[in-house]
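Student: Taking numbering that gives the first Met the number 0, the leading residue of the sequence shown gets 0, the next gets one more, and so forth.
For glycine and all other residues, C-beta sits at the position ideal for the given N, C-alpha and C.
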Amino acid sequence: MRSDIRVRIAPSPTGPLHIGTARTALFNYLFARHTGGTFVLRLEDTDVARSTTAFEKDILDGLHWLGITWDEGPGIEGREETGPYAPYRQMARLPQYAAAAARLLATDNAYPCFCTPEELDADRKAQEAQKLPPRYVGRCAALTPAERAAKEAEGRRGALRFRVRSGVVGWNDIIRDRIEIDTSNLGGDFVIVRADGTPLYHFTVVVDDMAMAISHVIRGEDHVSNTPKHILLFQALGYEVPEFGHLPLILNPDGTKMSKRKSQTAVADYIAQGFTREALVNYFAFLGWSPGTEEEVFTLEELGERFDLHKVQKGGARFDRERLEWLNGQWIRKLDDEELIARLRPFLEAAAVAGEIGRQPTDDELRTLLPIVRERIPTLASLPELVGFLWTDDIAVDPASIIPKRWDAATTHDGLAAAREVLAAHDAVTWEADELEPPLRELVEARGWKAGDLFMAIRVATTGKTATPPLFDTLVALGRDRTLARLDAAIASLSAPAGT
Ligand code: GLU
Numbered sequence: 000m001r002s003d004i005r006v007r008i009a010p011s012p013t014g015p016l017h018i019g020t021a022r023t024a025l026f027n028y029l030f031a032r033h034t035g036g037t038f039v040l041r042l043e044d045t046d047v048a049r050s051t052t053a054f055e056k057d058i059l060d061g062l063h064w065l066g067i068t069w070d071e072g073p074g075i076e077g078r079e080e081t082g083p084y085a086p087y088r089q090m091a092r093l094p095q096y097a098a099a100a101a102r103l104l105a106t107d108n109a110y111p112c113f114c115t116p117e118e119l120d121a122d123r124k125a126q127e128a129q130k131l132p133p134r135y136v137g138r139c140a141a142l143t144p145a146e147r148a149a150k151e152a153e154g155r156r157g158a159l160r161f162r163v164r165s166g167v168v169g170w171n172d173i174i175r176d177r178i179e180i181d182t183s184n185l186g187g188d189f190v191i192v193r194a195d196g197t198p199l200y201h202f203t204v205v206v207d208d209m210a211m212a213i214s215h216v217i218r219g220e221d222h223v224s225n226t227p228k229h230i231l232l233f234q235a236l237g238y239e240v241p242e243f244g245h246l247p248l249i250l251n252p253d254g255t256k257m258s259k260r261k262s263q264t265a266v267a268d269y270i271a272q273g274f275t276r277e278a279l280v281n282y283f284a285f286l287g288w289s290p291g292t293e294e295e296v297f298t299l300e301e302l303g304e305r306f307d308l309h310k311v312q313k314g315g316a317r318f319d320r321e322r323l324e325w326l327n328g329q330w331i332r333k334l335d336d337e338e339l340i341a342r343l344r345p346f347l348e349a350a351a352v353a354g355e356i357g358r359q360p361t362d363d364e365l366r367t368l369l370p371i372v373r374e375r376i377p378t379l380a381s382l383p384e385l386v387g388f389l390w391t392d393d394i395a396v397d398p399a400s401i402i403p404k405r406w407d408a409a410t411t412h413d414g415l416a417a418a419r420e421v422l423a424a425h426d427a428v429t430w431e432a433d434e435l436e437p438p439l440r441e442l443v444e445a446r447g448w449k450a451g452d453l454f455m456a457i458r459v460a461t462t463g464k465t466a467t468p469p470l471f472d473t474l475v476a477l478g479r480d481r482t483l484a485r486l487d488a489a490i491a492s493l494s495a496p497a498g499t
């Protein structure tokens with residue numbers, strides 16, 4: 000299926016890849032996949048002071064890593080810039096903007112404005128004092144050719160302002176239905192090219208969307224107030240106005256607006272915390288869309304089959320980290336052993352570097368361990384936290400933490416000593432979960448203890464943790480020698496006289 004639908008994501012490389020950008024990119028990508036259209040990536044890098052190549056790389060690599068790949072767009076390592084409308088970086092498109100600006104000037108849709116920053120500042124202050132919204136007063140809107148020439152003769156270079164004529168701009172938003180905005184609310188004629196020649200966002204985005212034959216502009220709700228300006232520009236340039244769809248904002252769980260300061264918004268941070276690409280795209284798809292069924296786990300390809308832009312919700316989408324972790328757990332269960340081991344490896348390496356584990360487990364060790372840990376790790380990074388005691392020789396266990404709530408130090412000491420004896424009766428061959436458990440249960444029965452108490456004491460003594468995978472599987476993974484040695488150390492620590 001091929002169609003003329005062309006959509007785009009147009010990130011500005013002024014910050015790292017944000018979850019909002021990833022979500023918007025994903026919805027554009029899915030819409031393109033669903034309709035047989037084309038997904039374009041364009042870098043809006045005209046804010047030279049704030050754009051960096053490091054941010055650009057973070058954005059492009061992040062989207063690529065997520066699998067949100069573009070049919071047309073800039074190159075990344077191992078991939079050339081592709082597409083008939085190259086270049087896909089705005090700073091490489093300056094001649095196009097200059098040509099469009101000349102057309103707007105020639106048709107009197109734009110005019111040079113010589114107002115100084117001081118004049119504009121004074122206007123703004125006067126408006127503030129009158130409690131009026133800021134708006135360009137139109138000082139240069141009606142200069143005669145002679146007046147303009149005189150200013151230029153003084154050596155003044157004008158910025159280019161777009162003429163906002165009175166009227167109403169409306170569009171049928173794919174998601175938000177009919178929207179109409181009176182042009183008197185747009186703040187007056189607005190600058191499209193600075194006096195130094197730099198073209199500004201409202202202008203470049205329209206010139207590019209036209210040049211790249213974009214049919215649908217799908218972007219965040221925060222752009223609703225920009226869209227009337229864009230429609231006026233499309234019309235003034237004689238272009239066909241594309242369709243618009245404004246996606247709901249992504250909110251914090253408490254319904255407040257997400258901000259870089261208060262919330263974790265960089266995709267790289269989620270990657271570093273061990274979220275899989277499958278879970279992230281799966282979750283991002285639910286930030287504003289749902290299949291209308293109870294199904295939750297979808298591959299990127301399945302999302303492309305099911306995604307319907309018309310079913311995107313209007314209301315804000317709350318970011319629910321618990322649901323993301325749940326989905327991540329689902330995806331961790333779906334990965335095959337070798338793939339999961341490969342994905343765990345960088346996190347184990349990082350844990351070793353950070354001194355959280357003493358050594359790297361082998362692939363074989365991990366393979367045997369997967370059945371008992373796979374369902375217990377919400378993220379790839381949480382494995383060292385869960386079972387790092389397996390790969391650390393010196394686990395520091397506070398003797399007080401070994402003593403179960405209902406027990407005292409003496410009982411714990413006796414309990415562990417008795418358990419050690421029972422466990423030591425096993426050799427390496429019978430060191431199996433279903434062999435270790437029954438005799439310990441018999442011991443508990445004979446002494447009138449509660450299994451939970453003894454087992455908790457053994458767990459903390461051998462792992463330093465109160466929560467681990469099932470105890471006997473854990474002891475098997477730990478091995479006979481280390482289990483007995485850790486029990487010995489715990490017993491010794493409990494029998495040391497108080498105060499030493
Ligand atoms: N560079 C703009 C942004 O990142 C693009 C907005 C648009 O999609 O038109 O918000």
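Can you give the Cα-Cα distance for LYS310 and LYS130, rounded to whole angstroms?
Tutor: Using only the alpha carbons, I get a separation of about 41 Å.
Student: Compare the beta carbon distance of HIS33 and GLY303 with 7 Å and say whether it is the shorter of the two.
Tutor: Yes, Cβ-Cβ distance for HIS33 and GLY303 is below 7 Å.
Student: Report yes if the C-beta of SER11 is less than 6 Å from at least one heavy atom of ligand 1; otherwise report no.
Tutor: True, at least one ligand heavy atom lies under 6 Å from that Cβ.
Student: Say yes only if the C-beta of GLU41 is nearer than 6 Å to one or more non-hydrogen atoms of ligand 1, and no if none qualify.
Tutor: According to the sequence shown, residue 41 is Arg rather than Glu. No, the beta carbon of ARG41 sits no closer than 6 Å to any heavy atom of ligand 1.
Student: Using a Cβ-Cβ cut-off of 7 Å (strictly less than) and excluding sequence neighbours within five positions of GLY273, which residues of its own chain qualify?
Tutor: Once the five neighbours on either side are set aside, the close Cβ partners of GLY273 are PHE346, THR378, LEU379, ALA380 and SER381.
Student: Run the CB neighbour count on THR115, radius 10 Å, all protein chains shown included, and call it buried at 16 or more, exposed below.
Tutor: With fewer than 16 other Cβ atoms within 10 Å, it is exposed.
Student: Return the bridge partner residues of ARG88 from the DSSP annotation.
Tutor: Note: ARG88 sits in a beta bridge opposite LEU42.
Student: Note the first and the last residue of the continuous alpha helix (DSSP H) segment covering ARG5.
Tutor: From DSSP, ARG5 is part of no alpha helix (DSSP H) but of the beta strand (DSSP E) over 5 to 8.
Student: Is the number of C-beta pairs between the region 15 to 24 and the region 216 to 228 that are closer than 8 Å three or more?
Tutor: Judged by Cβ distances under 8 Å, the region 15 to 24 makes contact with the region 216 to 228, as three or more pairs qualify.
Student: On the criterion of 16 or more Cβ atoms from any shown chain inside 10 Å, does GLU55 qualify as buried, or is it exposed?
Tutor: That one is buried.
Student: What are the boundary residues of the beta strand (DSSP E) that includes ALA109?
Tutor: It spans 109 to 112 - the beta strand (DSSP E) in which ALA109 sits, taken as one unbroken run.
Student: Quick one: using the 10 Å Cβ neighbour count with 16 as the cut-off for buried, is GLY74 buried or exposed?
Tutor: It counts as exposed.
Student: Rounded to a whole number of angstroms, what is the C-alpha to C-alpha distance between LEU365 and ARG175?
Tutor: Roughly 50 Å between the two C-alpha positions.
Student: If you draw a straight line from the C-alpha of GLU420 to the C-alpha of ARG320, how long is it?
Tutor: Computed Cα separation, rounded: 45 Å.
Student: Taking the DSSP output, what are the residues bridged to GLY72?
Tutor: Partner(s): THR81.
Student: Determine whether the beta carbon atoms of PRO370 and TRP390 lie at a separation below 7 Å.
Tutor: The answer is no: Cβ separation not under 7 Å.
Student: Across the region 419 to 433 and the region 468 to 486, are there enough close Cβ pairs to call them in contact, namely three or more that are closer than 8 Å?
Tutor: Touching, yes.
Student: Does the beta-carbon distance from GLY463 to PHE388 come in below 7 Å?
Tutor: Contact: yes.
Student: I need the straight-line Cα distance from ILE249 to LYS313, nearest angstrom please.
Tutor: Roughly 11 Å separates the two Cα atoms.
Student: Please work out which residues of its chain come closer than 8 Å, Cβ to Cβ, to LEU486, disregarding the five sequence neighbours upstream and downstream, and give them in chain order.
Tutor: The residues are LEU415, ALA418, ARG419, LEU422, ILE457, ALA460 and THR461.
Student: Which residues in the same chain as ALA316 place their Cβ atom closer than 6 Å to its Cβ, once the five residues preceding and following it in sequence are excluded?
Tutor: Hits under 6 Å: PRO247, ILE249, LEU286 and GLY287.
Student: Sorted by chain position, which residues of the same chain lie with C-beta nearer than 6 Å to SER262's C-beta, five sequence neighbours on each side aside?
Tutor: Correct list, in chain order: ASN251.
Student: What are the boundary residues of the beta strand (DSSP E) that includes HIS229?
Tutor: Careful: HIS229 lies outside any beta strand (DSSP E), inside the alpha helix (DSSP H) at 226 to 235.
Student: Quick check on ARG155: does DSSP put it in helix, strand or coil?
Tutor: ARG155 falls in the coil class under three-state DSSP.
Student: With a 10 Å radius around its C-beta and 16 neighbouring C-beta atoms as the bar for buried, classify GLY61 as buried or exposed.
Tutor: With 16 or more other Cβ atoms within 10 Å, it is buried.
Student: For THR115, does the three-state DSSP call read helix, strand or coil?
Tutor: Residue state, collapsed to three classes: coil.
Student: Go to ILE402, then tell me how far its beta strand (DSSP E) extends in each direction, as first and last residue.
Tutor: Careful: ILE402 lies outside any beta strand (DSSP E) and carries neither H nor E.
Student: Any heavy atom of ligand 1 within a distance shorter than 6 Å of the CB on VAL204?
Tutor: Yes; taking the cut-off as 6 Å, the Cβ of VAL204 has a heavy atom of ligand 1 nearer than that.
Student: State yes or no: is the C-beta of ARG134 within less than 7 Å of the C-beta of GLY187?
Tutor: Against a cut-off of 7 Å, the Cβ pair of GLY187 and ARG134 comes out as a contact.
Student: ARG164: beta carbon under 6 Å from a heavy atom of ligand 1?
Tutor: False, no ligand heavy atom lies under 6 Å from that Cβ.
Student: Near ARG193, what residues of its chain come up, given a Cβ to Cβ distance below 7 Å and the 5 sequence neighbours on each side ignored?
Tutor: So the list reads ALA158 and LEU199, once near-sequence residues are dropped.
Student: Is it right to say VAL372 is buried, meaning 16 or more other beta carbons lie within 10 angstroms of its own, or is it exposed?
Tutor: Buried.
Student: Measuring straight from C-alpha to C-alpha, what distance separates THR68 and TYR28?
Tutor: Distance between the alpha carbons of THR68 and TYR28: 8 Å.
Student: With a threshold of 6 Å (Cβ to nearest heavy atom), would ARG218 be considered close to ligand 1?
Tutor: Result yes, Cβ under 6 Å from ligand 1.
Student: Does DSSP put LYS256 in a helix, in a strand, or in coil?
Tutor: Looking at LYS256 - three-state DSSP - the assignment turns out to be strand.
Student: In the DSSP assignment, find the unbroken beta strand (DSSP E) run with GLY219 in it and report its ends.
Tutor: Unbroken beta strand (DSSP E) run through GLY219: 215 to 219.
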